[in-house]
Structure formats: structure tokens, C-alpha cells
Amino acid sequence: MLTKIANSGVDSRVVVWIREFLLGRTQRVRVGGQLSEEVRVTSGVQQGRVLGPLLFPAYLNDIWGNMESTIRPFADDCVIYRKIMNDADMEIFQKDLGRLGDWAVENAMKINAIKSKAVRFTRARAKEPLNYSLLDTLIPDASSCKYLGTNLSSDFSCADQVNYTVRKAW
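Heads up: the sequence shown begins at 7 in this note's numbering, then just goes up one per residue.
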């Protein structure tokens with residue numbers, strides 16, 4: 007990550023400051039009255055620190071490089087989508103999923119492909135199941151997904167969102 011920041015033209019003094027902030031940290035845990043041994047922290051940013059929200063976008067800055075589909079990262083979620091009109095569009099989308107997987111491996115970012123869903127948003131009858139994969143894992147078809155707290159239904163129905171909101175209110 008520091009290499010990415012340094013290569014983006016950021017003043018070298020800022021890069022040194024960030025490096026000093028990230029490297030050489032330790033942590034320990036208290037359970038009951040017992041304190042664990044200290045261990046070195048080798049990744050991440052401490053929770054609640056101002057730099058976390060500033061460094062994460064810098065880390066993701068090149069995630070959309072070479073993508074033909076739209077990608078929307080938000081906190082620890084990411085949505086990638088594309089209008090699919092024909093087989094060529096499907097191939098482009100699968101290539102973009104491959105690029106996303108390559109980016110994740112290159113940047114030591116773990117993507118939980120099992121939590122991923124493939125949703126086809128249309129009012130037309132779906133003819134064939136979707137057949138997309140991410141990091142060699144088939145992405146399961148779903149009739150809805152949750153995005154930024156909103157339930158999105160493949161048929162554009164609001165029923166799932168309304169039912170969720172009513173249950174939550176009770």
C-alpha cells in the first residue's frame with residue numbers, strides 16, 4: 007500500500023509519516039483479568055483512527071483499472087454490475103470479475119466469493135441460470151440482494167424491503 011501511495015505523487019514526508027504510523031505496532035487482549043502476550047500487528051489500521059477512512063480509498067484507488075463494468079466499493083462491500091444485452095456483454099462481465107479477483111490477489115485483499123450473489127434485474131422471464139465465477143468459485147444466482155441496507159429484488163418489487171422494514175419496526 008505504501009508503494010501505491012508513494013507512486014501516486016504524494017510528498018515523501020507524508021509516505022514516511024504513514025509508514026511510521028502503520029509499522030511496528032503491537033497488540034494484546036484482556037480476557038477477564040488476564041492479559042495476553044503482546045503480538046506484532048502486520049496489517050490493517052487501528053479501529054477508530056482518523057487515518058483508516060483516509061487510507062482505505064487510497065488502497066482501493068486502482069480497483070477499477072481496466073474494468074469495463076461499473077464497480078462501486080463501499081466500506082467492506084463491493085458491487086460490480088453491467089447491462090447485459092448479449093453473450094458478448096456476459097463475456098466482458100466475466101472478464102471483469104476475473105480482473106477483480108486478480109486485483110484482490112495482487113493486493114492481498116480477501117474476497118468472500120461465497121457471500122457473493124449474481125442477481126439478474128429484469129421483468130422478463132429468466133431463460134438460463136447465470137454462470138459467473140469469482141476466484142474459481144461459482145457465484146450463486148439469487149432473486150434479491152441487500153445493498154447499503156436496501157433489499158433489491160430482481161423483479162423490481164419493493165415487497166422484500168417493505169416486509170423487512172415492517173419486521174424491524176415491530
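Even for Gly, the Cβ is constructed at its ideal location relative to N, Cα and C.
Here the C-alpha atom of M91 lies approximately 31 Å from the C-alpha atom of K116.
As computed with DSSP, Y65 is found in no beta bridge at all.
A residue is called buried when at least 16 other Cβ atoms come within 10 angstroms of its Cβ; W109 meets this threshold and is buried. The beta carbon of T156 is closer than 8 Å to those of Q167 in its chain, skipping five residues each way along the sequence.
Judged by DSSP in its simplified three-state form, N157 adopts strand. In the three-state reduction of the DSSP assignment, R34 falls in the coil class, being assigned neither a helical nor a strand state. Rounded to the nearest whole angstrom, the CA to CA distance from R19 to L61 is 16 Å.
Here A124 is buried, its C-beta having at least 16 other C-beta atoms within 10 Å.
Taking the CA atoms as reference points, R25 sits about 15 Å from R55. Under the three-state reduction of DSSP, Q52 is assigned to coil, being neither helix nor strand. Rounded to the nearest whole angstrom, the CA to CA distance from E43 to R34 is 6 Å. CA-CA distance, V16 to C84, rounds to 26 Å. The Cβ-Cβ distance between D102 and E74 falls below 8 Å.
For A81, the secondary structure class from DSSP, reduced to helix, strand or coil, is coil.
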